[in-house]
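Enquirer: With my numbering as the guide, the letters of the sequence shown map in order to residues 3 to 521.
Glycine is no exception: its CB is placed at the ideal position from the N, C-alpha and C atoms.
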Amino acid sequence: MRYSSKDFHQDYRYSLEKEFLTSSGERYPYAQDGGYRRWGDEEHKLTFDDQQPNVAVVSDDGKYLAIGVQNEIHVVETETFSVQQVLRGPDSRVDALAFQPGDSNTLVSAAMNMYAGSTPTDPTIIIWNLKDQASKVDLAEDDADSVAALSVAAAQAVGSKLTAISLDETEVTALSNVFIPLIRQALAKHSIIDCPQLHGRLVTSFQAKPFSPSGKCMLYLPGDRPRSNDKDDRWTVKIHAMADHKDVATLAGHTDSIVWTGFNADETLIGSVSWDKTVRIWTWQWSPEGGRDSTNPSTASEPLLKLKYTFETSGQNWTGGFSPDSRFFAATCGDGTIHVYNLSHGTTLFTHDSGRQWYRALDWHLDNDGSHGLLCVGGRQGGKVLLFDIETQTVIQERQLGVDRIRNMTEQHLRFMSRMLETSLVRFVDRGRKVVIFTSGDGSAEVYDLVEERKWRFAREGVDQDSTTEKPTDEEDGNSVSGIAGFRMVVWEDLRHQIMLAAVDGDAVRIWDVPLTSM
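1) Excluding the five sequence neighbours on either side, which residues of its own chain have a C-beta within less than 7 Å of the C-beta of glutamate 74, listed in chain order?
2) From the DSSP secondary-structure annotation, give me the bridge partner or partners of histidine 76.
3) Which residues does DSSP list as the beta-bridge partners of phenylalanine 418?
4) Helix, strand or coil for aspartate 451? Go by DSSP, reduced to three states.
5) Please classify histidine 367 as buried or exposed, where buried requires at least 16 other C-beta atoms within 10 Å of its C-beta.
6) Determine whether the beta carbon atoms of aspartate 196 and aspartate 124 lie at a separation below 8 Å.
7) Between which two residues does the beta strand (DSSP E) containing histidine 347 stretch?
8) Do alanine 504 and valine 516 have their C-beta atoms within less than 8 Å of each other?
9) According to DSSP, which residues form a beta bridge with glutamine 399?
10) State the CB to CB distance for the pair leucine 388 and leucine 376, rounded to an integer number of angstroms; the pair is presumed to be in contact (CB under 8 Å).
11) For phenylalanine 330, which beta-bridge partners are listed by DSSP?
12) Can the beta-carbon of proline 103 be found closer than 8 Å to that of glycine 264?
13) Kindly list the residues whose CB is nearer than 6 Å to the CB of lysine 473, restricted to its own chain and excluding five residues on each side of it in sequence; keep chain order.
14) Using the three-state DSSP reduction, which class does glutamate 19 fall into: helix, strand or coil?
15) I believe valine 449 touches arginine 435 by the beta-carbon criterion, under 8 Å. Please report the beta-carbon distance rounded to the nearest angstrom.
16) Comparing alpha-carbon positions, which option in His201, Phe440 and Pro228 lies nearest lysine 248?
17) Roughly how many whole angstroms lie between the Cα atoms of aspartate 97 and serine 442?
18) Could you check whether threonine 315 and histidine 347 sit closer than 8 Å to each other, using their CB atoms as the reference points?
19) Quick check on valine 85: buried or exposed, where buried means 16 or more other Cβ atoms within 10 Å of its Cβ?
20) Alpha carbons only, please: which of Ile283, Asp355, Arg362 and Asp369 is nearest the one belonging to phenylalanine 331?
21) Beta-carbon within less than 7 Å of threonine 270's beta-carbon, same chain only, minus the 5 sequence neighbours each way: which residues are those?
22) Going by the CB atoms, is the gap between leucine 223 and isoleucine 260 shorter than 8 Å?
23) Could you pull out every residue in the same chain whose Cβ sits closer than 6 Å to the Cβ of arginine 490, ignoring the five residues on either side in sequence?
24) Whole angstroms is fine: what's the gap from threonine 206's alpha carbon to glutamate 79's?
25) Quick check: threonine 321 and phenylalanine 208, are their CB atoms within less than 8 Å of each other?
26) Quick test of your reading: glutamine 402 and phenylalanine 352, contact by CB under 8 Å. State the CB separation rounded to the nearest angstrom.
27) Buried or exposed: phenylalanine 418, going by 16 or more other Cβ atoms within 10 Å of its Cβ?
28) At least one CB of chain B closer than 8 Å to the CB of aspartate 444: is that the case?
29) For the alpha helix (DSSP H) that contains histidine 11, what are its first and last residues?
30) Report, in whole angstroms, the separation of the C-beta atoms of threonine 257 and valine 239, which I expect to be a contact under 8 Å.
31) Is the beta carbon of glycine 317 closer than 8 Å to that of lysine 279?
32) Going by C-alpha to C-alpha distance, which of Thr172, Leu416, Met244 and Leu423 sits closest to glycine 381?
33) Can you grab the Cα-Cα spacing for the pair phenylalanine 213 / tryptophan 514, in whole Å?
34) If you check the beta carbons only, do arginine 459 and tyrosine 38 fall under 8 Å apart?
35) Tell me whether the beta-carbon of arginine 358 lies closer than 8 Å to the beta-carbon of glycine 338.
36) Taking all protein chains shown into account, do 16 or more other C-beta atoms lie within 10 angstroms of the C-beta of alanine 245, making it buried, or fewer, making it exposed?
Here you go:
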């Protein structure tokens with residue numbers, strides 16, 4: 003019988019093969035007063051009528067958390083974590099979300115028809131105005147009795163045309179139940195008739211950032227998804243001006259799947275990372291005329307976009323990112339090589355070969371005076387995390403999960419067990435003092451304090467030994483984990499001096515917090 007990811011989530015038990023080490027050579031200890039917590043200890047748990055959440059995003063002011071639940075978007079305010087509104091309208095599951103920087107009222111969603119069994123439809127990006135949507139009556143929910151009555155009337159009308167048969171009450175009810183979701187969807191589509199919409203896809207995977215830091219421009223992939231692994235494919239990126247919702251430029255040249263895009267800090271460079279064995283850096287500039295505002299794309303006379311560098315690698319590339327000072331760009335290749343490029347000279351600063359595995363999570367930190375840079379990358383093969391010192395070009399910390407405690411282990415399974423653990427997010431917070439890690443497969447979050455040399459862990463139900471007694475937490479049945487592992491997490495710093503974590507788990511969104519040290 004084929005061993006599935008569900009089987010792995012049941013059998014996996016937490017173990018450390020390598021860990022961040024203190025200056026005295028000891029493994030990082032748990033922080034006192036809440037350094038180790040497990041499911042049930044969370045600050046808040048958001049559930050959605052037995053439906054599985056699949057994506058989330060937080061506004062840059064930390065005011066709103068938007069959560070994709072199938073075809074709906076639940077907007078949660080983060081003071082009490084109550085749902086403020088539910089957005090309806092996408093034809094298929096919401097796969098990507100992004101708030102416009104500087105404007106927590108503008109949310110962008112993408113339903114890309116990219117999963118098995120999805121409703122056949124065009125990939126669509128919707129730009130939502132939350133205030134406008136809040137003022138509208140949700141006909142699909144607020145007038146549920148009318149929807150039910152309409153569905154019954156529709157079923158009876160169909161039945162009256164079927165002169166050869168006479169539908170009984172049970173058959174009419176069954177037919178009316180078919181009409182209910184169709185009527186709801188029609189009402190939902192009507193509610194977004196005033197929302198700007200684009201035929202295309204939003205790149206948010208592998209920590210990609212679709213918006214420029216100012217929020218004035220958005221990157222998206224136009225149209226239907228081209229084929230992958232085909233040299234004749236043409237993959238492009240559109241630059242969309244948010245002020246007047248017009249496309250102002252196109253990045254062209256990639257010949258395979260574009261998996262990461264993003265701007266640098268001052269919006270003069272754009273990076274694109276692709277499976278076509280290239281990493282591309284583009285210069286981006288506006289050319290104002292007649293006194294027009296050069297900082298506003300919608301009023302600039304003509305945008306200037308030019309390919310600056312093409313860095314070639316030996317395989318499919320997965321993620322990337324600009325250093326905060328824009329001097330460097332880091333990218334990862336599927337052959338396990340981590341590349342760091344010098345953007346002043348268009349040369350390779352250094353590479354690191356980690357063996358044949360993926361690294362698809364990446365983040366930078368730079369000290370305030372620019373004197374010290376750190377690069378953190380996370381990947382597969384035990385959810386390995388590497389922390390680089392850019393000045394010395396060396397790995398200064400490493401973490402890797404083990405598979406020695408997995409239940410129902412066989413030699414056949416052992417060969418691929420570690421590949422089912424992947425670090426899907428790394429993020430520097432607290433002015434670089436701390437780094438947040440989320441590992442799919444493990445389904446747990448961790449925060450490492452690089453200054454105080456301590457850590458926090460928020461463990462999925464049943465996967466850890468008790469931190470005090472070292473007894474299995476699930477010893478009653480000995481072989482079962484009821485928690486459904488997630489694979490996404492959102493991180494932000496709130497006004498109450500807390501680092502907030504929203505883990506998108508299989509059964510809920512769980513909210514955790516860690517003290518913020520810097521002020």
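Expert: In terms of the structure at hand:
1) Val88, Leu89 and Arg90, listed in sequence order.
2) Beta-bridge pairing links histidine 76 to Ile69 and Val88.
3) The partner list for phenylalanine 418 (beta bridge, DSSP) is empty, contrary to what the question assumes.
4) Assigned with DSSP and collapsed to three states, aspartate 451 falls in strand.
5) Buried, by the Cβ-count rule.
6) Remark: C-beta atoms of aspartate 196 and aspartate 124 do not approach each other more closely than 8 Å.
7) Premise fails: histidine 347 is in no beta strand (DSSP E) and is neither H nor E.
8) Taking the C-beta atoms as reference points, valine 516 is found no nearer than 8 Å to alanine 504.
9) Looking at the DSSP assignment, glutamine 399 forms a beta bridge with Leu389.
10) Leucine 376 and leucine 388 do not touch by the CB rule: their CB atoms are close to 11 Å apart, not below 8 Å.
11) Asn344, per the DSSP bridge assignment.
12) Not closer than 8 Å, so no.
13) Confidence at lysine 473 is low in this model, with a pLDDT of 48, below 50, so its placement is unreliable and the value that follows should be read with caution. Cβ neighbours of lysine 473 beyond the five flanking positions: none.
14) Glutamate 19: strand per DSSP, three-state reduction.
15) In fact, because the Cβ distance is near 10 Å, the residues do not count as touching under 8 Å.
16) The residue with the shortest Cα to Cα distance from lysine 248 is His201.
17) Using only the alpha carbons, I get a separation of about 17 Å.
18) For histidine 347 and threonine 315, no; Cβs fall outside 8 Å.
19) When all chains shown are included, valine 85 counts as exposed.
20) Taking only the C-alpha atoms, the option nearest phenylalanine 331 is Ile283.
21) Here the set comprises Thr285, Trp286 and Gln287.
22) A distance below 8 Å separates the beta carbons of isoleucine 260 and leucine 223.
23) Cβ-Cβ distances below 6 Å link arginine 490 to Val506 in the same chain, with the five nearest sequence neighbours on each side left out; the list follows chain order.
24) Each residue's Cα considered, the two are about 22 Å apart.
25) Yes, these two residues count as a Cβ contact at 8 Å.
26) That belief does not hold up - the Cβ atoms of glutamine 402 and phenylalanine 352 are roughly 21 Å apart, past 8 Å.
27) Result: exposed.
28) The structure shown contains no chain B, having only a single protein chain.
29) Looking at the DSSP string, the run of the alpha helix (DSSP H) that includes histidine 11 is 7-13.
30) In this structure, threonine 257 and valine 239 do not form a Cβ contact; the two beta carbons are roughly 13 Å apart against a cut-off of 8 Å.
31) A contact, by the Cβ cut-off of 8 Å.
32) Nearest in C-alpha terms to glycine 381, of all of Thr172, Leu416, Met244 and Leu423, is Leu423.
33) One C-alpha to the other measures close to 26 Å.
34) The Cβ atoms of arginine 459 and tyrosine 38 sit closer than 8 Å to each other.
35) Here arginine 358 is near glycine 338, since their CB atoms are less than 8 Å apart.
36) Burial is judged here by how many other beta carbons sit within 10 angstroms of a residue's own beta carbon; alanine 245 has fewer than 16 and is exposed.
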